[in-house]
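The sequence shown begins at 7 in the numbering used here and counts up one residue at a time.
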Amino acid sequence: MKGSGLVAYYTVVRTGSRDEYEPGKSGFAHFFEHMMFRGTEKFPADVYNDMVNEMGVDANAYTTDDYTCYTSVVSTDNLEKVMELESDRFQNLSYQKAPFQTEAGAVYGEYRKNVVNPWAVAHEAMMDMAFDKHTYQHTTMGFEADIKMMPEQYEYSLSFFQRYYRPDNCVLLLAGDFDSAAAQKMIQKYYGEWKPGYQAPPVAAEPAQNGERVKAIDYDGQTLPLVWVSYKGKAYNAADKMVVAAFLLGDLAFGENSEIYKKLVIEESKVQFIGADFGFNRDPKLYDIYSMVRSESDIDYVIEQIDATAAKFREELVSAEALENLKKRNRYGYLMDLDTPGSVADALARFIALTGNIDTVNQLYKTMQQITPEDVREAARTFLVKERRNIIKLKGVQS
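Written out as structure tokens, the structure is:
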């Protein structure tokens with residue numbers, strides 16, 4: 007993107023909530039998203055913030071199940087100064103116990119704010135029910151009991167940073183208007199002394215699920231009923247046809263062009279919406295179908311329709327034309343979104359977190375081109391089965 011005058015400067019830390027394997031210590035990946043803005047001895051927080059604001063840097067961060075990402079969009083002429091700031095905080099983050107406890111209290115406040123949302127309540131319940139051993143059992147925020155105890159974990163927080171914030175666990179992603187050779191020299195200058203030492207966590211594998219799990223939730227507030235159906239999925243692998251076929255299956259079966267969407271949303275008006283996310287994760291996670299239902303009396307009917315849709319895709323072949331059209335839309339949409347340095351970095355961050363490189367994107371679309379209607383049916387037969395299914399039914403308290 008020569009000529010834009012902008013550079014997206016992202017640091018992808020390949021640590022997310024999945025890496026929080028120690029009992030009582032969930033939530034720290036998200037916590038460090040906050041603490042990384044607390045400054046260093048060289049650039050204290052107020053100095054860092056003033057410099058970022060003066061340069062007009064659009065700086066932010068977010069945490070997911072599989073990674074934490076620190077984002078900046080900077081003008082090309084400020085690239086070196088931003089690199090100096092970022093390299094310093096990743097190598098020399100410094101904070102005392104009092105500000106640590108203040109931030110830990112703020113994180114608990116964020117958790118309490120989030121759980122007034124019925125979707126957050128449903129999500130937390132789904133993860134806890136669907137997983138017995140794997141760290142996906144807790145959400146990115148963490149278990150509430152762990153977050154409440156976080157102010158007492160100052161020493162542990164230091165060890166978390168030392169284990170995971172290492173060069174052998176971080177990927178620097180630059181996209182936009184800059185000279186690559188000059189950037190490489192700057193990276194060596196500012197990051198060259200950063201010592202490796204990443205310690206991979208012993209994340210337990212989740213045993214196979216052999217029976218359906220269902221939970222009903224009475225939400226303490228007013229909301230339309232929610233239905234959340236999740237099937238155990240498979241870890242991301244761009245060369246695995248079943249992973250890629252499942253990704254396409256989610257859209258074909260439950261997307262906005264699907265028969266169930268037209269029936270439940272448009273024709274019958276039984277739900278406000280229905281959608282699906284058959285996405286990609288580092289370890290086997292969930293393929294999700296979710297809906298907001300207009301009436302409690304229709305909750306079971308909506309689940310029956312999801313069942314019927316799954317059964318149809320297990321038995322019947324999707325039309326080759328519909329499949330090819332979806333492939334084209336997916337590829338075209340991905341490419342059309344790469345219109346700014348920030349959008350390029352956004353599109354690549356998860357793939358880098360999952361695999362460590364960007365070659366996987368080409369492999370993904372190469373595999374996608376090979377997917378046939380038979381592959382989609384096989385994915386439905388593999389994943390959309392009752393023994394792999396988890397269901398949350400959430401109802402609001404009526405006034």
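Where is the CB? At the ideal position from N, CA and C, for every residue including glycine. Since this is a predicted model, take the numbers as computed values, not measurements.
Cβ neighbour criterion (16 or more within 10 Å) applied to residue i
i, result
"Met342", "exposed"
"Glu199", "exposed"
"Pro231", "buried"
"Pro347", "buried"
"Asn331", "exposed"
"Thr108", "exposed"
"Ala110", "buried"
"Leu164", "exposed"
"Asn98", "exposed"
"Glu158", "exposed"
"Tyr27", "exposed"
"Asn407", "With the chain running from 7 to 405 in the structure shown, residue 407 is simply not present."
"Ala112", "exposed"
"Ala386", "buried"
"Asn84", "buried"
"Glu130", "buried"
"Pro124", "buried"
"Ile397", "buried"
"Ala244", "buried"
"Val53", "exposed"
Minimum C-alpha distance to residue i - residue among the options
i, options, result
"Tyr76", "Thr82, Asn84, Met89", "Met89"
"Tyr242", "Pro207, Phe284, Ala128, Val277", "Phe284"
"Asp352", "Lys31, Gly11, Thr17", "Thr17"
"Phe465", "Arg169, Gln190, Gly227", "Summary: the structure shown does not reach residue 465, with the chain confined to residues 7 through 405, and so no result is reported for it."
"Lys334", "Gln375, Asn396, Ile193", "Gln375"
"Glu156", "Gly182, Phe279, Ala131, Pro105", "What sits at residue 156 in the sequence shown is Met, not Glu. Among Gly182, Phe279, Ala131, Pro105, the Cα nearest to that of Met156 belongs to Pro105."
"Gln215", "Ser186, Met135, Gly115", "Met135"
"Gln19", "Ala187, Pro173, Pro202", "The question names Gln, but residue 19 in the sequence shown is Val. Ranking Ala187, Pro173, Pro202 by Cα distance to Val19 puts Pro173 first."
"Ala316", "Asp64, Ala355, Val271, Ile266", "Ile266"
"Ile222", "Gln194, Ala128, Ser301, Ile153", "Strictly speaking, residue 222 in this sequence is Ala, with Ile absent from that position. Ala222 has its Cα closest to that of Ala128, out of Gln194, Ala128, Ser301, Ile153."
"Tyr196", "Glu274, Glu92, Ile153, Lys268", "Glu92"
"Lys269", "Ile377, Glu310, Pro202", "Glu310"
"Ile153", "Val79, Lys401, Ser186, Pro29", "Pro29"
Length of the line joining the Cα atoms of residue i and residue j
i, j, result
"Val308", "Lys276", "8 Å"
"Asn175", "Ile364", "15 Å"
"Phe357", "Lys103", "35 Å"
"Asn55", "Tyr68", "18 Å"
"Asp294", "Ser236", "4 Å"
"Gly33", "Val350", "28 Å"
"Lys318", "Gly362", "37 Å"
"Val63", "Lys247", "41 Å"
"Asn189", "Asp345", "Position check: residue 189 holds Ala in this sequence, whereas Asn was assumed. Using only the alpha carbons, I get a separation of about 22 Å."
"Val220", "Asn368", "38 Å"
"Gly6", "Ser303", "The structure shown does not extend to residue 6, since the chain is modelled only from 7 to 405, so the question has no answer here."
"Thr366", "Glu273", "40 Å"
"Ala187", "Arg320", "52 Å"
Same chain, Cβ closer than 7 Å to residue i, five either side skipped, listed in chain order
i, result
"Arg288", "Arg24, Asp72, Ala241, Tyr242, Leu360"
"Asp94", "Thr46, Lys48, Phe49"
"Phe167", "Phe38, Leu99"
"Gly281", "Phe260, Tyr296"
"Ala328", "Leu258"
"Phe279", "Val271, Ser297, Met298"
Pair within 8 Å by beta-carbon distance, residue i and residue j
i, j, result
"Thr146", "Thr21", "no"
"Ala252", "Gly261", "no"
"Ala51", "Phe43", "yes"
"Tyr162", "Lys31", "yes"
"Leu255", "Val382", "yes"
"Ala314", "Pro379", "no"
"Val299", "Val233", "yes"
"Arg337", "Tyr296", "no"
"Lys139", "Ala210", "yes"
"Met192", "Glu60", "no"
"Lys399", "Ile305", "yes"
"His144", "Met132", "no"
"Thr82", "Leu12", "yes"
"Thr388", "Val250", "no"
"Met41", "Tyr114", "no"
"Asp183", "Ser301", "no"
"Leu354", "Leu179", "yes"
"Glu212", "Phe286", "no"
Same chain, Cβ closer than 8 Å to residue i, neighbours up to 5 away in sequence not counted
i, result
"Val403", "Asp224, Tyr225, Asp226, Gly227, Gln228"
"Val122", "Gly227"
Proximal residues to residue i (C-beta, below 6 Å), its chain only, five neighbours per side dropped
i, result
"Arg395", "Glu218, Tyr237"
"Lys291", "Tyr142, Gly239"
"Ala6", "As displayed, the chain neither begins before 7 nor continues past 405, which places residue 6 out of reach and without an answer."
"Tyr204", "Arg172, Asp174, Asn175"
"Ala151", "none"
"Pro207", "Asp25, Tyr27"
"Val58", "Ala65"
"Pro202", "Arg172, Pro173, Asp174"
Residue i at chain B interface by Cβ criterion, 8 Å
i, result
"Glu322", "Structure shown: chain B not included; a single protein chain is present."
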